[in-house]
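J.: One structure coming up, written as structure tokens, with questions to follow.
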Amino acid sequence: MTQTSENVTWLTQEAYNQLKAELEHLSGPARTEIAVKIAAAREEGDLRENGGYHAAKEEQGKMELRVRQLTQLLEHAKVGEPPADDGVVEPGMVVTIAFDGDDDDTVTFLLASREYASADIETYSPQSPLGMGVNGKKMGETADYELPNGKTATVKILSAKPYTG
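The sequence shown begins at 14 in my numbering and counts up by one.
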């Protein structure tokens with residue numbers, strides 16, 4: 014499954030279900046819990062010197078940001094099977110690259126969003142400089158991407174296989 018938009022994220026059904034459950038928790042019970050914490054801290058008096066109140070408000074802000082992120086992600090997610098095993102780099106693929114044509118200096122990573130990240134393999138976002146550079150390339154092709162220092166690096170695509178989890 015090729016992704017044509019930078020805003021689309023490929024997710025397995027399991028990953029989609031986990032993120033949806035997290036969103037439902039944050040939008041319901043977690044919101045209620047934080048509102049209770051804020052109300053209790055507010056009753057303690059002077060808000061300028063109330064550490065519990067400020068901590069609860071900060072927690073609420075982080076939670077609301079996560080709700081917005083999850084909502085946007087799930088609205089634009091494509092749920093289904095991994096991409097075809099055709100050697101083309103795209104989200105959902107495990108990619109092995111070689112730096113500067115040195116086939117001994119390699120890195121293998123999953124090209125996917127951080128929500129799909131796995132503990133067993135490093136994950137790069139399709140929107141990262143490296144992700145944008147390799148996305149759509151085929152095995153054997155080279156890709157250029159911009160380094161944080163402004164210089165350009167070249168990598169060779171050694172393999173691209175669907176992530177099997």
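By construction, the Cβ of each residue, glycine as well, lies at the ideal position given by its N, Cα and C atoms. Small disclaimer: the values here were computed from a predicted structure and weren't measured.
To which residues does DSSP link Asp157 through a beta bridge?
T.: Asp157 pairs with Thr167.
J.: Measure the C-alpha to C-alpha separation of Thr15 and Pro175 and round it to an integer number of angstroms.
T.: Because Thr15 sits at a pLDDT of 34, beneath the cut-off of 50, its placement in the model cannot be relied upon, and the following sentence gives the value as read from the coordinates. Cα-Cα distance, rounded: 12 Å.
J.: DSSP three-state label for Val108, please.
T.: Strand.
J.: From the DSSP output, in three-state form, read off Lys173 for me.
T.: Before going on, a small fix: residue 173 reads as Ala here, not Lys. Here Ala173 sits in strand by DSSP.
J.: Given a threshold of 16 other Cβ atoms within 10 Å of its Cβ, counted over all protein chains shown, does Val108 qualify as buried or as exposed?
T.: Burial call: buried.
J.: Assuming Val147 and Ala111 are in contact, meaning their beta carbons sit under 8 Å apart, how far apart are those beta carbons, in whole angstroms?
T.: The pair is not a contact, with the Cβ atoms about 12 Å apart (cut-off 8 Å).
J.: Around the C-beta of Gly144, are 16 or more other C-beta atoms found within 10 angstroms, so that it is buried, or is it exposed?
T.: Looking at its Cβ environment, which holds 16 or more other Cβ atoms inside 10 Å, Gly144 is buried.
J.: Quick check on Thr25: does DSSP put it in helix, strand or coil?
T.: Of the three classes helix, strand and coil, the one that applies to Thr25 here is coil, per DSSP.
J.: Could you check how far apart the C-beta atoms of Tyr158 and Ala90 are, in whole angstroms? I think they sit under 8 Å.
T.: Contact flag wrong, Cβ pair sits at about 25 Å.
J.: Ordered along the chain, which non-local residues of its own chain (more than five positions away) have a Cβ less than 7 Å from that of Lys50?
T.: Same-chain partners within the cutoff: Ala69.
J.: Pull up the CB-CB distance for Met76 and Ala48, whole angstroms please, since I reckon it's below 8 Å.
T.: Not confirmed; about 11 Å, so no contact.
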